[in-house]
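Heads up: the sequence shown at position 77 corresponds to 479 in the working numbering, and the numbers run straight through without jumps.
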Amino acid sequence: MNTSQTSSPLAVRDPALTVQLESWKLMGEGVTLSEKKLKDMNGLFADEEARRLMDPEANVYKVQSYMPVAEGTPGGLFFGNTTVQPGKVRDEYFMTRGHIHSKARTAEYYWGIKGEGVLILMDVNRVTWAERVFPGSLHYIAGDVAHRLANSGLVPFTIGACWYSDAGHNYDEIERNGFSARLVEVGGVPKLVEGKL
Ligand code: F6R
Ligand code: MN
């Protein structure tokens with residue numbers, strides 16, 4: 403090791419973070435990992451009875467995040483990735499909880515990395531629409547638009563994300579009222595259908 407690297411403020415340093423180019427897996431100090439299992443998804447799928455009959459320990463999705471400043475700090479950026487496992491609760495694809503950002507008008511970028519899925523979006527008037535996500539697809543999520551990811555494929559589905567450090571996450575609204583449409587398999591293909599099933 404070159405000792406001048408650590409002792410001199412003028413030394414050219416290594417970056418705090420690296421990303422595996424194929425998988426976008428983040429490596430470095432301060433990278434956090436959170437996992438959601440079926441037991442953590444109470445009341446989010448249309449068929450609650452079907453969910454309760456499945457393995458509560460089954461992994462639904464995991465999120466890697468890099469948050470270099472404290473949550474809530476204005477002007478900072480957070481970076482991460484989400485992997486949703488393949489699977490369904492009855493005919494509804496495994497998905498993230500979904501949220502709207504707590505702070506108004508804080509947009510976010512998502513991009514497809516591996517597998518295939520759907521980004522479900524809902525505006526303040528509860529109008530829901532969806533975008534297909536695939537390796538290389540890029541999605542600008544406008545501020546005030548609720549967002550959720552669903553895996554419509556047979557392999558793990560990974561996306562990258564970049565969002566404001568003061569965006570915050572409001573999960574209550576979605577837990578109470580859900581999205582106005584759900585992504586379900588109809589005749590072997592993913593379809594957005596309105597309302598509770
Ligand atoms: C950050 C963001 C993503 C999600 C992640 C998990 O604003 O949109 O990093 O947090 O995809 O989804 P949720 O947060 O809905 O459980
Ligand atoms: Mn978000």
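The beta carbon of each residue, even a glycine, is placed where N, CA and C say it ideally should be.
The region 403-446 contains, as complete alpha helix (DSSP H) runs of 4+ residues, the segments 406-409 (chain order). Each of 465, 503, 493 and 438 was checked against the Cα of residue 590, and the nearest Cα belongs to 493.
Between the alpha carbons of residue 446 and residue 478 lies a distance of about 31 Å. At a threshold of 6 Å, residue 510 counts as near the ligand MN, since its beta carbon sits closer than that to one of the ligand's heavy atoms. With a cutoff of 6 Å, residue 513 does not count as near the ligand MN, since its C-beta is closer than that to no heavy atom of the ligand.
One alpha carbon belongs to residue 584, the other to residue 471, and they sit about 34 Å apart. Per DSSP, the unbroken beta strand (DSSP E) holding residue 550 starts and ends at 548-553. Sequence-distant Cβ neighbours of residue 439 in its own chain, meaning closer than 7 Å and more than five residues away, are 458, 459, 460, 461 and 462. When the Cα atoms are used, residue 595 and residue 587 turn out to be separated by approximately 10 Å. Residue 576 is positioned such that its CB atom lies closer than 7 Å to that of residue 500.
By the CB criterion at 7 Å, residue 449 and residue 486 fall outside the cutoff.
Residue 466 and residue 522 have their C-alpha atoms spaced approximately 20 Å apart. In this structure, 488 is the residue among 488, 532, 425 and 441 with its C-alpha nearest to the C-alpha of residue 558. Scanning its chain for C-beta atoms nearer than 7 Å, with the 5 sequence neighbours on each side dropped, one finds around residue 537 the residues 514, 515 and 516, in chain order.
Burial state of residue 542 is exposed, judged by a 10 Å Cβ sphere holding fewer than 16 other Cβ atoms. Contact between residue 581 and residue 530 is confirmed by a C-beta separation of about 5 Å, below the 8 Å threshold.
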